[in-house]
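A quick write-up on the structure given underneath.
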Amino acid sequence: MNRTFHFGGDQTAAVIAVVIFATFATTAGEYFLTLRNLENVARQVSLDAPLVFGQAIVLIAGGIDISVGATMAMAAALAIGLQENGTLTAVIAALTFGALVGAFNGLLVTRGGIVPFVATLGTMSVVRGLLLTYTGQQPLSGTDDAFVFWGGDSIGIFPVPLILSLVILIGLSLFLGRTRAGRNIYAIGGNREAAYLAGIAVKRFEMLAFVLSGTLAAVSGVLLASRLNSATVQLGNDTALLSISAALIGGASLLGGRGTIVGAFLGVLALGMLTNGMNLLGVHTYFQIATKATILIAVVAIDALSRTMARRRLAMAAA
Amino acid sequence: MSIVPETNGGNGQKAGLASFKPPFASLGKGRSGTVLRLLRNHTALILLVVLIIAGGLLSDVFLTSRNLLNIMWAVSILGIIALGQTVLLITCNFDMSVAFVVGLAGIVTVLAQIAGFDLVTSMALGLGAGLAVGTINGLLVVYTGANPFLITLGTALLAYSISLMLTRSQTLYATIPEFNELGRGRLFGVVHYSVILVIVLAIVLEFVLRRTAFGRSLYVIGLNETAGRMSGLAIRRVKLIAFALCGGTAALAGLIMTSRTGSTVASAGAGMEFDSIIAAVLGGTSLFGGHGGALRTLVGVLVLGVLNNLLILLSVPIEGQQIAKGLVFLAVVWADSVLRHR
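Listed in order, the protein sequences are those of chains A and B. Under the working numbering, the first sequence is numbered contiguously, ending at residue 1093. Under the working numbering, the second sequence is numbered contiguously, ending at residue 401.
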């Protein structure tokens, strides 16, 4: 019953991550294997990681969140734009905004009865509009040099955001695996009807999943803003798709009820190394987009196929 | 149901049960019931009338024939895409790749012209590109049973990257002058060909949806796929055709869009996937499948066009338009799920 650091669905992600690592270590070793580059990869990955954790939680609960990229960008803009009121205020405002977007998504899904991806697609459009209004389509620059520490600095050879992401990873893993709320989220994603009949307040925990996703997207936004010490409108344009790919590689399923935070981290690590390696090898942007698209199609198709196979096996066993 | 005569056979009792009504069933079906039903069934039409009246009151130029023709011209591209999207929505599927198929089809056509192909061949190649993407979407969704939304988002990115590779991120210009007639030409110098095309397409599609076996099977699949399979429908083939059709209409829209300006870029249709779904759902096609029609979608497209036109005439800034569009989308899907499930 040790689900906290259970290594079942995560194995695939670990294998993929190791294969990608080995590929670039052999083909672009002299650039890829330098301490500086590896630190760079770790930093990049850990900026995206909280957001992917959030996506994983929503997927586990049987939903999906398309609005994470927009929320991340808006949180970054708030964290930079409100700095004149004090950095702490700006960060709190950014995180609150994320939680509010999550709550809005949760309301649309639980009270409005709208399918999650449609609801969050609409939210994405609204948040992008807010972002355009707030920034006036101009890039914002930070004024507080101390703020850069959280996304840009290192302690020893470990980037600060990596340490933060690992802390969040452990916290969320314990939450999902060891608390009643966490197990309820798995139960709802596995079988909503059964969870409801078992007396779980389904809507409340779906709401919780969306609020967590929004907040974690905002955490990524704040870290990104700190790393860049600026925020632009273009941030997070393809983040929603990346987060879904990463979470699916990490063992989550679009059907819900499956996946772990560790798996999600391995998934985002695999994709991060892939992007870095392709950059080092000088692969053109066009082919990078094509690669990401192919990965998304592949993981979604494999996820669906494995589900169909499982159902067929079940039918065979019953017959 | 109550006027069906009860037969004497074994079925008699069943028919009797089915037509049994509780004593107060007619309550609430009086005048207010009729109004409610009218509101439910023709929301978009009523909205369109209200918007047109509001437009006439708010702006002097709105009700001029030039402005109205302009609106129709502006939305005809979206209309063609939305018609294809409607076919898919009826089967409870989506196509998020239409936006980049619009770009890809235009690029393939223009490249074919640059390579020296004649007008008809170049347009056929453009349409072929759209049909190909649609077929790939269909194959992936039908044979893996995967979520159509994410699969088509993936193929959208793939189509976009192919467009970028083909154009090297540059604007391309059509070389055959007659090609521009498709988007710019007018019948009798009044109505644009593209407006006539979208109306004819809608009428043909409406006929196909209502009167042909293929059209009916789309509804069956959307309402209850298992029932469709049990009754012997070739579910996979019908879905595949629906996906290919949607890719084809998006490509046709891409050709018209390209011929209007005589040029094309990879991101030409950005945002159209969103708009085409809004238009279809606004017109009364359900996101849950099984309901909808081509003429309804046309009304939805007109509502969007009039709204857009009004926002511009009232000089609402672009950011405000984006927020308004998102909120309209959410309101429409909310209404859809409330009306269908309660």
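Glycine residues also receive a C-beta, built at the ideal position from the N, C-alpha and C atoms.
Let me see if you follow: with CB-CB separation under 7 Å, is residue i close to chain B or not?
i	result
residue 970 (chain A)	no
residue 899 (chain A)	yes
residue 909 (chain A)	no
residue 862 (chain A)	no
residue 852 (chain A)	no
residue 1078 (chain A)	yes
residue 1082 (chain A)	yes
residue 1075 (chain A)	yes
residue 996 (chain A)	no
residue 782 (chain A)	Residue placement at residue 782 (chain A) is flagged as unreliable, the pLDDT there being 42, under the threshold of 50; the coordinate-derived value follows with that caveat. Output row for residue 782 (chain A): interface = no.
State the start and end residues of the unbroken alpha helix (DSSP H) segment that holds residue i.
i	result
residue 962 (chain A)	954–964
residue 280 (chain B)	272–282
residue 249 (chain B)	Taken as a continuous stretch (DSSP letters only), residue 249 (chain B) belongs to no alpha helix (DSSP H), as it is neither H nor E.
residue 1083 (chain A)	1059–1092
residue 817 (chain A)	809–834
residue 885 (chain A)	Per DSSP, residue 885 (chain A) belongs to no alpha helix (DSSP H) and is neither H nor E.
residue 192 (chain B)	178–203
residue 159 (chain B)	157–173
residue 108 (chain B)	102–117
residue 228 (chain B)	Segment: none, residue 228 (chain B) is in no alpha helix (DSSP H) and carries neither H nor E.
residue 153 (chain B)	Where residue 153 (chain B) is concerned, there is no enclosing alpha helix (DSSP H), given that its DSSP letter is neither H nor E.
residue 913 (chain A)	Element bounds for residue 913 (chain A): n/a, residue is neither H nor E.
residue 890 (chain A)	890–909
residue 135 (chain B)	124–149
residue 806 (chain A)	803–806
residue 1053 (chain A)	1035–1054
residue 297 (chain B)	294–320
residue 852 (chain A)	842–855
residue 327 (chain B)	Run containing residue 327 (chain B): none; DSSP gives neither H nor E here.
residue 925 (chain A)	923–926
What is the C-beta distance between residue i and residue j, in whole angstroms, given that I count them as a contact (C-beta under 8 Å)?
i	j	result
residue 339 (chain B)	residue 307 (chain B)	Contact doesn't hold; Cβ gap of about 16 Å is too wide.
residue 357 (chain B)	residue 143 (chain B)	Contact flag wrong, Cβ pair sits at about 13 Å.
residue 314 (chain B)	residue 165 (chain B)	6 Å
residue 1035 (chain A)	residue 946 (chain A)	5 Å
residue 815 (chain A)	residue 1047 (chain A)	6 Å
residue 416 (chain B)	residue 146 (chain B)	In the structure displayed, chain B extends from 60 to 401; residue 416 (chain B) sits before or after that span and is not available.
residue 316 (chain B)	residue 329 (chain B)	At roughly 11 Å, the Cβ-Cβ gap does not stay under 8 Å, so residue 316 (chain B) and residue 329 (chain B) are not in contact.
residue 363 (chain B)	residue 341 (chain B)	7 Å
residue 206 (chain B)	residue 156 (chain B)	That pair is no contact at about 14 Å.
residue 318 (chain B)	residue 135 (chain B)	Between residue 135 (chain B) and residue 318 (chain B) the Cβ distance is about 12 Å, and since that is not below 8 Å, they are no contact.
residue 836 (chain A)	residue 963 (chain A)	4 Å
Is the Cβ of residue i closer than 7 Å to any Cβ of chain A?
i	result
residue 283 (chain B)	no
residue 323 (chain B)	no
residue 83 (chain B)	Because the pLDDT of residue 83 (chain B) is 41, which lies under 50, any placement of that residue in the model is unreliable, and the number read from its coordinates should be weighed accordingly. So no, residue 83 (chain B) is outside the interface.
residue 354 (chain B)	no
residue 389 (chain B)	yes
residue 172 (chain B)	no
residue 374 (chain B)	no
residue 411 (chain B)	No statement about residue 411 (chain B) is possible, as the shown extent of chain B runs from 60 to 401 and does not include it.
residue 345 (chain B)	no
residue 229 (chain B)	no
residue 385 (chain B)	yes
residue 393 (chain B)	yes
residue 378 (chain B)	yes
residue 235 (chain B)	no
residue 262 (chain B)	no
residue 398 (chain B)	no
residue 130 (chain B)	no
Confirm the yes/no value for this check: CB of residue i, any heavy atom of the ligand COA, distance under 6 Å.
i	result
residue 911 (chain A)	With respect to the ligand COA, the structure offers nothing, as it holds no ligand at all.
For the region 1056–1068 of chain A, list every residue whose C-beta sits within 9 Å of some C-beta in chain B, in sequence order. Result list: 1058, 1059, 1060, 1061, 1062, 1063, 1064, 1065, 1066, 1067, 1068.
With 7 Å as the limit, tell me which residues of the region 1004–1032 of chain A have their beta carbon closer than that to any beta carbon of chain B; keep them in chain order. 1015, 1018, 1028
Report the start-end ranges of each beta strand (DSSP E) in the region 360–399 of chain B that is 3 residues or longer and not cut off at the edges. If we require 3 residues or more, the region 360–399 of chain B turns out to have no beta strand (DSSP E) run fully inside it.
Can you give me, in chain order, the residues of the region 140–170 of chain B that have a beta carbon less than 7 Å from any beta carbon in chain A? Within the region 140–170 of chain B, no residue has its Cβ closer than 7 Å to any Cβ of chain A.
Taking beta-carbon pairs under 7 Å, can you tell me which members of the region 192–224 of chain B lie near chain A? Those would be 199, 203, 204, 205, 206, 208, 209, 210, 212, 213, 214, 216, 217, 219, 220, 223, 224, in chain order.
Complete runs of the alpha helix (DSSP H) confined to the region 970–1033 of chain A [at least 4 residues]: 976–1002, 1013–1023
Taking a Cβ distance cut-off of 8 Å, strictly less, list which residues of the region 322–342 of chain B are near chain A, in chain order. 333
Going along the chain, which residues of the region 939–959 of chain A sit with their C-beta nearer than 8 Å to a C-beta in chain B? none
Under 7 Å (Cβ pairs) to chain B, residues found in the region 830–841 of chain A: none
For the region 291–314 of chain B, list every residue whose C-beta sits within 8 Å of some C-beta in chain A, in sequence order. Residues of the region 291–314 of chain B that bring their beta carbon within less than 8 Å of a beta carbon in chain A are absent altogether.
Mind listing which residues of the region 869–898 of chain A have their C-beta closer than 9 Å to chain B's C-betas, in chain order? 882, 886, 887, 888, 889, 891, 892, 893, 895, 896, 897, 898
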